[in-house]
Structure formats: C-alpha cells, structure tokens
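Novice: What follows is a single structure, and I will ask about it in a moment.
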Amino acid sequence: MSEEIFYNSVNLAVDSNYKKLADLRNKFGSWERSWLDVKKVGLATDPENSWESLNKLGIKLYLDNSPEYPPSLKEIPFSPFGIYVLGKMPKDKINLGIVGTRKATYEGKELAKQFAAELSRAGICIVSGLALGIDAAAHEGCLEAGGTTVAVLGNGLDYFYPRTNERLAKKILDGGGAIISEYPPGVQPLPYRFLERNRIVSGLSRGVLVIEAPKESGSLVTASLALDQNRDVFVLPGPVSHPNFSGSHQLIRRGAMLITSTEEILEDLGVEAKEEMPTSEIAKTDTEQKIFAALKKFSAPATIDKILELTNLNISDVNQAITFLLLKDIIQETSQGYTLNK
Numbered sequence: 192m193s194e195e196i197f198y199n200s201v202n203l204a205v206d207s208n209y210k211k212l213a214d215l216r217n218k219f220g221s222w223e224r225s226w227l228d229v230k231k232v233g234l235a236t237d238p239e240n241s242w243e244s245l246n247k248l249g250i251k252l253y254l255d256n257s258p259e260y261p262p263s264l265k266e267i268p269f270s271p272f273g274i275y276v277l278g279k280m281p282k283d284k285i286n287l288g289i290v291g292t293r294k295a296t297y298e299g300k301e302l303a304k305q306f307a308a309e310l311s312r313a314g315i316c317i318v319s320g321l322a323l324g325i326d327a328a329a330h331e332g333c334l335e336a337g338g339t340t341v342a343v344l345g346n347g348l349d350y351f352y353p354r355t356n357e358r359l360a361k362k363i364l365d366g367g368g369a370i371i372s373e374y375p376p377g378v379q380p381l382p383y384r385f386l387e388r389n390r391i392v393s394g395l396s397r398g399v400l401v402i403e404a405p406k407e408s409g410s411l412v413t414a415s416l417a418l419d420q421n422r423d424v425f426v427l428p429g430p431v432s433h434p435n436f437s438g439s440h441q442l443i444r445r446g447a448m449l450i451t452s453t454e455e456i457l458e459d460l461g462v463e464a465k466e467e468m469p470t471s472e473i474a475k476t477d478t479e480q481k482i483f484a485a486l487k488k489f490s491a492p493a494t495i496d497k498i499l500e501l502t503n504l505n506i507s508d509v510n511q512a513i514t515f516l517l518l519k520d521i522i523q524e525t526s527q528g529y530t531l532n533k
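Right under this line is the structure:
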C-alpha cells in the first residue's frame, strides 16, 4: 500500500492533530510505520477501507513529497503534510488570496466581486475560504469573469460548509477550480480549524487582499500569516467610522499596502493589466450607478444635498457610495462639491 493510504488512516486516527502528525513522522520517518504504531493502541482505521471512501467521493490526496503538492505550501511554517483535493489545482497561475468579514456590507461584497473579476481577467487565480460575505463574493466575481478559483475549507470534503454555499462550491468545480482541505472526510468545521486553514489560503497565494476586516476578524489572522510567510498584503481602505474597516486600517498602520485599484496589485505582482473597463462599469452597484449618472448629467460640482435631491437616495447610502467612488478614482472632491474625474 502507498504512503498516501497510510497517511489518510493516520490522519483520521489522530483527528488531524498537527502536532501528533508531526511527532509521528519525526519518530518513525514514514506513514506506514506511523500507522503501525497507532494501530498498537487501537486507534487506526482500516487503511484500505478509508481509502476506498476517498475514491468514492472523488477526492485526491497529495502528500508534501508529491509533484502535485503546491510548491508554495512547502515554503510556509507548519505546512500541511498532505492536502485533500476535489477538482483540479490550477498550475502555472499566480494565486491571490481575497479575504474579509462574513458580515460584509453590500458595497464590500460588490468590491470583492469587482476586484476578483478584474484580477481573474488578468490571469490571476483567486483563493479564498468559501465563507459567507467577502469570501463568497470573491469566488463569485472570479467565476462571473470566467476565471479559476480555489476554495480552502476548514472541514473534510465530504460536504461543503456553509451549506448555503453548496451551489457556489459546485460552480467552482464546474469552472475548472478546486476545493481543498488538510482534513479528511468526516472532520467537522470547528472554530479553530478555520484559523488553521487560513495559513493555507495565504500559503497558496503570492499575496492577500483584505476587504472589510473588523478588529476581531479572522481575515486579520490570514493577513498576519501572510506577512509571516513573506507574502504581500494589500488592503482596500474604507470609511474611518465604519467598524468593518477598523482591522483593515490597523493592517495599513502595520505596513500593509493601501490599494485602490487592481492595477496597483497587478503592478506589484508583475502582471500586465488587461484593457481597462469603462468607468460606468466599474461603478457597478446600484447606488454608485445612480450617483455616477446624476453627476454625469449635472454639469457643475454637486454637494451632498444636491446628490440626495438628484438620486432620492438616503444619506447613509450616499456617503458610503461616495467613499468608494473616491477610492476607485471615479469622482473627485472639490471645494464646491463632487464631480466626475475626466
């Protein structure tokens, strides 16, 4: 039997405990000998039966000495000893992680979609965690642009978590991407496992883009891991008073790169940007489109009050949309009000 078969059985026996796996490999030097030791204390499952279960689910397992194992993962501290894969891991592509809060604003999710789509059109593979909010929006934006995306789960691949993103997971696979995990089937999505999987999101990626990260967000963990792994960390800023950006701004103070466009990311990655989208398409949320259309018709700079009058929007939505339009360099602020950039 192969080392993959024995590793899978050992991984199940120790409940994917990284320290136990490391201790076994250091002591015995092979997964077969590790399995024999685990078997002595009655913990080991039948390796062939467990392997057959993987095959039935269409799951592949690549150990860290396999040519199919992502080379970038070997570079990081506490790299997984093996990864379980559904679908196909993209090769010869630059990977970029996109992370952020599960409780994202509408604007934040739209920006995640936009950035993921534009990066995908430039040939970038988007890596994220299939979570609600920013993660899901990043995967969706990539797929809508015809790109390839990889989702890293904090549970086994026998089911997709959260269940509400099951359809999205299937779209990822249908789109030629992959869903991966270091955990075997049957492992539950416990909170600490999401923190463990974050090192894989950053480890697979050349850099990580943070969109909407509150102070206690798990995406800050991913960003910190990325910095520890010598990856670039890009941060999209937001309104200073909005709690969803407090962690994002903290990262900028720590030295992460403030960015406002995909061109800045692509330049840092050494990738040539594709033809720019029309400005009206970049302003893609309904609120942004209404403000864009109003400013286009109004020849003079418009104050907030004038924009409210022209659009019939509420003040909160207008203030937030204006912040993002300024970040996207679609509009500019003058002493008389706001106007479109020429």
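Quick note on the numbering used here: the sequence shown kicks off at 192 and runs consecutively. Ideal placement from N, C-alpha and C gives every residue a C-beta, glycine not left out.
1) May I ask which residues mark the beginning and end of the alpha helix (DSSP H) holding L499?
2) Residues bridged to A313 by DSSP?
3) Count the other CB atoms, across all protein chains shown, that sit within 10 Å of the CB of M192; report buried if there are 16 or more and exposed otherwise.
4) Counting only runs that start and end within the stretch 303-352, where is the beta strand (DSSP E) found for 3 or more residues in a row?
5) Unbroken alpha helix (DSSP H) runs of length 4 or more, entirely within the stretch 194-274: which are they?
6) Are the beta-carbon atoms of D302 and V276 separated by less than 9 Å?
7) I'd like to confirm the pairing. Which residues does DSSP put opposite Q523 in its beta bridges?
8) Just list the residues that DSSP pairs L364 with in beta bridges.
9) Among G273, E239, E243, T236, which one has its Cα closest to the Cα of F216?
10) Give the DSSP-derived three-state secondary structure of I513 in the structure shown.
11) Where does A417 fall in DSSP's three states?
12) Does S526 pass the burial test, meaning 16 or more other C-beta atoms within 10 Å, or should it be called exposed?
13) Could you give the DSSP three-state label for V412: helix, strand or coil?
14) Got a sec? Which residues, its chain only, sit under 6 Å from V341 by beta carbon, not counting five neighbours each side?
15) Based on the DSSP output, what are the partners of D423 in its beta bridges?
16) Quick check on DSSP: helix, strand or coil for N505?
17) Rounded C-beta distance between I482 and A512? I'm assuming under 8 Å.
18) Within 9 Å (strictly less), CB to CB, does Q379 reach chain D?
19) For P397, count neighbouring Cβ atoms within 10 angstroms of its own Cβ and tell me buried if that reaches 16, exposed if not.
20) Would you mind reading off the limits of the alpha helix (DSSP H) that contains A484?
21) Between the beta-carbon of N435 and the beta-carbon of T292, is there less than 9 Å?
Specialist: Walking through what the data contain:
1) Counting along the chain, L499 sits inside the alpha helix (DSSP H) bounded by residues 495-502.
2) Beta-bridge pairing links A313 to no other residue.
3) It is exposed - the Cβ of M192 has fewer than 16 other Cβ atoms within 10 Å.
4) As far as the stretch 303-352 is concerned, its whole beta strand (DSSP E) runs of at least 3 residues are 315-319, 340-343.
5) Along the length of the stretch 194-274, whole alpha helix (DSSP H) runs at least 4 residues long occupy 194-204, 209-219, 222-231, 238-248, 262-265, reported in chain order.
6) According to the sequence displayed, residue 302 carries Leu and not Asp. Going by C-beta atoms, L302 is not nearer than 9 Å to V276.
7) DSSP, once it has assigned bridges, lists T530 as partnering Q523.
8) Answer is none; L364 lacks a bridge partner.
9) The sequence given here places Arg at residue 216; Phe does not occur at that position. The shortest Cα separation from R216 among G273, E239, E243, T236 belongs to G273.
10) Note: I513 maps to helix in three-state DSSP.
11) A417: helix per DSSP, three-state reduction.
12) With fewer than 16 other Cβ atoms within 10 Å, it is exposed.
13) Helix.
14) Excluding residues within five positions, the ones whose Cβ falls inside 6 Å are V318, G368, A369.
15) Looking at the DSSP assignment, D423 forms a beta bridge with G398.
16) For N505, the secondary structure class from DSSP, reduced to helix, strand or coil, is coil.
17) Between A512 and I482 the Cβ distance is about 6 Å, and since that is below 8 Å, they are a contact.
18) The structure shown contains no chain D; it holds only a single protein chain.
19) Per the sequence shown, the amino acid found at residue 397 is Arg instead of Pro. Buried, because 16 or more other Cβ atoms sit within 10 Å of the Cβ of R397.
20) It spans 477-488 - the alpha helix (DSSP H) in which A484 sits, taken as one unbroken run.
21) Yes.
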